[in-house]
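Data first, discussion second: the structure below is written as structure tokens.
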Amino acid sequence: MLVDLLNSRTLVLNKAWQPVNTINVKEAIGKIYSGSAKALGTDYVAYDFETWVLTWSDLSMVSKLDGHKFIACQKFQILAPEVIILNDYKGSHRREARFSRRNIFIRDKYTCQYCHRKFAPKELNIDHVIPRSRGGKTTWDNVALSCIKCNTVKGARTPAEAGMKLLKTPVKPRWSALQCQVGSKIPESWKSFVDTLYWNASLSEES
Ligand SMILES: [Zn+2]
């Protein structure tokens with residue numbers, strides 16, 4: 004049971020509160036203990052190790068935190084931090100989102116980027132926005148999911164030539180959330196960081 008808990012994931016934010024990656028709880032506690040990170044409470048306050056233990060291990064507090072996990076140590080218990088913030092940018096090396104078919108599907112949410120409808124994976128193609136025959140590359144910013152019908156209509160044309168508009172400009176996702184199953188079992192406390200940052204990332208790169 005304890006082993007399971009120590010393997011559950013903690014979201015790591017950099018100093019600017021942007022998601023960097025996820026690590027297991029044991030590593031997360033190690034970082035807080037060593038002072039290289041702070042734990043983020045459900046009150047959005049960053050706590051150092053000592054304060055975290057004192058504040059969030061109070062039993063009266065614990066009863067209010069239904070569903071949160073605790074790690075029992077010999078003399079005290081520690082609330083397993085779901086989110087930590089690194090104290091230093093140097094420690095925040097960013098994992099690259101792997102350029103894969105699966106990750107393109109996740110990025111585009113199984114939605115045709117031209118007609119904006121959701122489809123089953125087998126009904127979707129990976130479209131080259133600028134066609135390959137016109138020098139378009141197979142890169143994050145030149146691929147978009149397209150249903151078979153839209154793909155046929157577009158043919159070997161650019162969206163502008165075909166009079167079609169992309170739902171959003173394709174970009175390389177900034178975070179490797181893709182690799183840790185977005186949407187399936189994200190703790191509530193991660194959502195405000197993961198959802199907004201991940202989806203706003205494409206908007207801020209459009210300019
Ligand atoms: Zn379509």
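4 is the number of the first residue of the sequence shown in my numbering; add one for each residue after it. Cβ atoms here follow ideal geometry from the backbone N, Cα and C, with glycine treated the same way. Since this is a predicted model, take the numbers as computed values, not measurements.
Determine the closest residue to residue i out of the options, with distance taken between C-alpha atoms.
i, options, result
"N90", "F52, L57 and A40", "A40"
"N145", "N27, P173 and G166", "P173"
"A159", "W143, L169, S149 and H131", "H131"
"G44", "C150, E53, N17 and P84", "P84"
"G33", "L16, K18, T155 and I87", "I87"
"C153", "I129, K140 and T141", "I129"
"R137", "R110, T155, T161 and P124", "T161"
"I1", "I81, F52, K175 and E191", "Since the first and last residues shown for the chain are 4 and 210, residue 1 lies out of range."
"L57", "D46, L82 and K29", "L82"
With a threshold of 7 Å, establish whether the CB of residue i neighbours any heavy atom of ligand 1.
i, result
"Y117", "yes"
"K152", "yes"
"R160", "no"
"R120", "yes"
"S136", "no"
"S39", "no"
"S149", "yes"
With a CB to CB cut of under 7 Å and the five nearest residues on each side skipped, what residues in its chain are close to residue i?
i, result
"A102", "First, the residue type needs correcting, since residue 102 is Phe and not Ala in the sequence shown. Same-chain partners within the cutoff: W143."
"K121", "Y113 and T114"
"P124", "F108 and Y113"
Assuming residue i and residue j are in contact, meaning their beta carbons sit under 8 Å apart, how far apart are those beta carbons, in whole angstroms?
i, j, result
"Y117", "L169", "7 Å"
"I151", "E126", "6 Å"
"S149", "K157", "7 Å"
"N24", "V15", "5 Å"
Identify, in the order they occur along the chain, each residue of the same chain with its Cβ nearer than 6 Å to the Cβ of residue i, setting aside the five sequence neighbours on each side.
i, result
"G166", "none"
"A31", "T13, P84 and I87"
"A42", "I35, Y50, W55, P84 and I87"
"W193", "L14"
"P134", "A159"
Look up residue i in the DSSP assignment and say whether it is helix, strand or coil.
i, result
"C153", "helix"
"V23", "strand"
"N17", "coil"
"R101", "coil"
"V174", "coil"
"V48", "coil"
"T114", "strand"
"N90", "coil"
"R12", "strand"
"E191", "helix"
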